[in-house]
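See structure below.
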Amino acid sequence: MIELIALVTIFWTPVVIVLLKKYLWDVYFWQLKEYRWDRFWTHIRWDHSEQNRSYTMITAKFILFSLVSLLFTEPVLASF
């Protein structure tokens with residue numbers, strides 16, 4: 254049993270380190286670029302003409318962005 258725990262620890266430690274490094278890099282990059290929800294929402298809502306504004310499309314864009322963000326931040330979800 255001790256050997257099994259040692260093997261799991263040896264093989265999972267690099268994975269955990271890489272995931273932690275990627276997560277910290279993403280958080281650093283997010284802060285560096287100063288991405289904020291209010292700026293994102295303004296970008297989605299703004300359009301060049303009145304005819305192109307569709308609140309269903311705005312909602313779809315927001316939902317799509319949220320799902321893609323989840324896939325990038327949660328590697329477990331991306332494996333499905």
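Quick note: the sequence shown uses this note's numbering, first residue 254, plus one each step. From the three backbone atoms N, C-alpha and C, an ideal C-beta is built for every residue, glycine too.
Measure the C-alpha to C-alpha separation of residue i and residue j and round it to an integer number of angstroms.
{"i": "Leu277", "j": "Met254", "result": "33 Å"}
{"i": "Phe318", "j": "Glu256", "result": "44 Å"}
{"i": "Arg289", "j": "Val269", "result": "28 Å"}
{"i": "Ile258", "j": "Pro267", "result": "15 Å"}
{"i": "Thr312", "j": "Leu323", "result": "17 Å"}
{"i": "Thr309", "j": "Val321", "result": "18 Å"}
Is it true that the CB of residue j sits closer than 8 Å to the CB of residue i?
{"i": "Thr326", "j": "Asp291", "result": "no"}
{"i": "Pro328", "j": "Leu272", "result": "yes"}
Can you determine whether any heavy atom of the ligand HEM sits closer than 7 Å to the C-beta of residue i, and answer yes or no?
{"i": "Val269", "result": "Looking at this structure, you won't find the ligand HEM or any other ligand, since it has none at all."}
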